[in-house]
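In our numbering, the protein residues as written are 4 to 237.
Ideal placement from N, C-alpha and C gives every residue a C-beta, glycine not left out.
Written out below as structure tokens is the structure these notes cover.
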């Protein structure tokens, strides 16, 4: 029996079903360790729930910010679902904007893993967006690419439009894994590598920053997150 459980543990690790040194960032009960607009963020049925309505709107893009410190090299896992009326995102290696006159108390800028309830390229979950920055859609889902001082270069393709349409589960829960090591970033969707990006820009590449979850301004929407775990890589 002991040998059986040893083999099972090894198999789970090799399948990346859990991180040996990962820590849970959401307790499933309340928003302890997170900070965001209490009118927009709550916990419902054991998951993080962000929602805007016609009556309660977001004044600009707003974020639920993890209070556990800055990330540099890490592996983040979470599961999400959302409506198709608007979009959301996962900010990482980002900055909380407090100087000047931000539109709300929870403005964040930096790398964003796009979250959408769509499966038609290019407007799908998984691309990197430069939230509040200069580069827009830095790297699209399906691309292996690098960004140098003179711009972006696509080196290959990881998944095509048909493959992504089959991979992504509309109106259901989808699993995300983000791995960042130095200037190399990988995004996985439902255990499939869908983006591989190397940021070589001498001024715009981000090496560390905060983690946050987005509610997008505009049309009413909701987004939910659960099973959020983080492993800091050495």
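So, is residue i buried or exposed, given that buried needs 16 or more other C-beta atoms within 10 angstroms?
i	result
residue 21	At residue 21, the pLDDT of 43 sits below 50, so the modelled position is not reliable; the number obtained from the coordinates is stated separately. The residue in question, residue 21, is exposed, as its Cβ has fewer than 16 Cβ neighbours within 10 Å.
residue 4	Annotation note: pLDDT 47 at residue 4 (below 50); position unreliable, coordinate value reported separately. Residue 4 should be labelled exposed.
residue 119	buried
residue 152	exposed
residue 149	buried
residue 91	buried
residue 217	buried
residue 180	buried
residue 63	exposed
residue 158	exposed
residue 127	buried
residue 59	exposed
residue 233	buried
residue 56	exposed
residue 101	exposed
residue 80	buried
residue 35	exposed
Between which two residues does the beta strand (DSSP E) containing residue i stretch?
i	result
residue 218	213-218
residue 47	44-47
residue 195	195-202
residue 178	177-184
residue 77	77-85
residue 91	91-100
residue 133	131-134
residue 111	110-118
residue 188	187-192
Under the DSSP definition of a beta bridge, which residues are partnered with residue i?
i	result
residue 155	150
residue 27	232
residue 172	None; residue 172 has no bridge partner.
residue 143	Paired residues: none, contrary to the question.
residue 66	217
residue 74	212
residue 38	68
residue 227	52 and 84
Which residues mark the beginning and the end of the alpha helix (DSSP H) in which residue i is found?
i	result
residue 53	First-last for residue 53: 50-55, but that is the beta strand (DSSP E), not the alpha helix (DSSP H).
Out of the options, point me to the one whose CA is closest to residue i's CA.
i	options	result
residue 132	95, 167, 108 and 205	95
residue 45	70, 221, 227 and 160	227
residue 145	155, 130 and 184	130
residue 178	166, 188, 167 and 192	192
residue 215	48, 114, 104 and 49	114
residue 108	160, 204, 225 and 41	41
residue 88	97, 54 and 112	54
residue 173	105, 85, 182 and 186	85
residue 186	210, 197, 167 and 140	210
residue 200	223, 156, 230 and 33	156
residue 43	225, 230 and 197	225
residue 117	212, 184, 197 and 36	197
residue 123	168, 160 and 47	168
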